[in-house]
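Data first, discussion second: the structure below is written as structure tokens.
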Amino acid sequence: MPKGSSTDAGSAGVGMKLEVVIIPVSDVDQAKEFYARLGWRLDADVVSGAGSRLIQFTPPGSGCSIQFGANLFGATVTTSAPGSAQGLYLIASNIEAARDELIAHGVDASEVFHCATGYACRFPGNNGRVSGPEPERGSYGSFVSFRDPDGNGWLVQEVTTRLPGRVEPAATSFGSASDLASALRRAAEAHGQHEKRIGHADPSWPDWYADYIVREQSGLDLPQ
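My numbering puts the last residue of the sequence shown at 226; the count rises by one with no breaks.
Laid out in structure tokens, this is it:
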């Protein structure tokens, strides 16, 4: 194994963040209209030569963007067939609110669903979808699916508490004001139970809220 290519390189802490996913589309203008209608940020629409075009969009609050386009011959910027990208993930803190927003933007989104067992039902062709959110509203358990005009498949997954180690406590952040508001509402509900247990009002509630929100997002044990 060449020096520098072993796991020692990974342990050195070199950061590599997923920046862009390329999706295959047949009609650049049609795809641009669709993703603009979703309210995603248009980062670039670059024409470089006759017929060569590259478009980039970023979903609200996302650190990763999508790109699509065409070259001189009108082909896509990827050799994959238009519509072949499937299982593209979006994360939301409230699955019903996310679906309502998609519908408001004219997207033919599925109903909210969860899997009877496991998680395979979230992908096309797998049976076991059950209508409604996951009964205990467990993080990672509730979904909504939709497609762009070419059939590229998107999946919205409700995530409120990350698995341990997924997010560093010091890196707690929120992609939007609504995400933060949802976290505050969950903290308020949990804090109400906390005050019932201790039998009096908690004057240190701001600290309790902050600890709860950081722990929830980081997948750590929640305060009682």
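Yeah, the Cβ is synthetic: ideal placement off N, Cα and C, and Gly gets one too. The model shown is predicted, which means the values in this text are computed figures rather than measured ones.
* To do: Quick one: give me the first and last residue of the alpha helix (DSSP H) that residue 213 is part of.
  => The residue you call residue 213 lines up with position 211 of the sequence shown. Counting along the chain, the alpha helix (DSSP H) containing residue 213 begins and ends at 207-220.
* Asked: Taking all protein chains shown into account, do 16 or more other C-beta atoms lie within 10 angstroms of the C-beta of residue 203, making it buried, or fewer, making it exposed?
  -> On the sequence shown, position 201 is the one that residue 203 refers to. The residue is exposed, with fewer than 16 neighbouring Cβ atoms inside 10 Å.
* Given 8 Å as the limit, is there contact between the segment 142-161 and the segment 84-92, that is, 3 or more CB pairs closer than that? -> yes
* To do: For my contact list, residue 118 and residue 146 are in at a C-beta cut-off of 8 Å; report their separation, rounded to the angstrom.
  => Counting from one through the sequence shown, the residue named residue 118 turns up at place 116. Counting from one through the sequence shown, the residue named residue 146 turns up at place 144. Contact between residue 118 and residue 146 is ruled out by a C-beta separation of about 17 Å, above the 8 Å threshold.
* Asked: CB-CB under 8 Å to residue 190, same chain, minus the five flanking residues each way: which ones, in chain order?
  -> If you number the sequence shown from 1, residue 190 lands on position 188. In the same chain as residue 190, and ignoring 5 residues on each side of it, the C-beta atoms closer than 8 Å to its own belong to 211, in chain order.
* residue 91: first and last residue of the uninterrupted beta strand (DSSP E) it sits in -> Mapped onto the sequence shown, residue 91 falls at position 89. Looking at the DSSP string, the run of the beta strand (DSSP E) that includes residue 91 is 90-94.
* To do: Take residue 24 as the anchor and find which of 179, 123 and 56 has the nearest alpha-carbon.
  => Taking the first residue of the sequence shown as position 1, residue 24 is located at position 22. That would be 56, whose Cα lies nearest to the Cα of residue 24.
* Asked: How many Å lie between residue 227 and residue 104 at the Cα?
  -> Residue numbering for the chain in the displayed model covers 3 to 226; residue 227 lies beyond these limits and cannot be assessed.
* Asked: Can you give the Cα-Cα distance for residue 187 and residue 163, rounded to whole angstroms?
  -> As a working note, residue 187 is residue 185 in the sequence shown. As a working note, residue 163 is residue 161 in the sequence shown. Looking at the two C-alpha atoms, the distance is approximately 14 Å.
* **Beta-carbon spacing of residue 26, residue 42 below 8 Å** => In the sequence shown, residue 26 corresponds to position 24, counting from 1. In the sequence shown, residue 42 corresponds to position 40, counting from 1. Not in contact: residue 26 and residue 42 (Cβ atoms no closer than 8 Å).
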